[in-house]
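Remarks on the structure that follows.
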Amino acid sequence: MDAQGFVAALTPAVTDANARERFLADPKAVLAGAGLDLPQWFTVSAREGDTAELTITLPALREPDADLSDMDLEWSAGGRKVSHTGLMSSVLGC
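Numbers 159 to 252, taken from the working numbering, label the letters of the sequence shown in order.
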């Protein structure tokens, strides 16, 4: 899913009350239904507010020579990439 697909997945929650309820109740499931394949450990939350906002909380900084976790290895083996667009490329799979 690219950035346009991500925004398209959010649009119903902004324009339709039922879609908004579903998104607020389980945003990760709604995004998964739209094709955004997030790992199990990735938490997604939604709240109502005056503006749309994307906040990413990074895990603790690791030592550069630290061993990779099983999840890190799984993501690497799965072909996920971090490109010039950074973390969102790996999260969104683009």
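Even for Gly, the Cβ is constructed at its ideal location relative to N, Cα and C. Source: prediction; values computed, not measured.
To which residues of the same chain is residue i closer than 8 Å at the C-beta, ignoring the five residues directly before and after it?
i	result
Asp184	none
Go ahead and pull the three-state DSSP assignment for residue i.
i	result
Thr169	helix
Leu189	helix
Gln162	helix
Asp223	coil
Asp228	helix
Kindly list the residues whose CB is nearer than 7 Å to the CB of residue i, restricted to its own chain and excluding five residues on each side of it in sequence; keep chain order.
i	result
Ser203	Pro185
Thr173	none
Arg178	Ala171
From what residue to what residue does the alpha helix (DSSP H) around residue i run?
i	result
Arg180	Ala175 to Ala183
Counting pairs of beta carbons, one from the region 187-194 and one from the region 160-168, are three or more of them closer than 8 Å? yes
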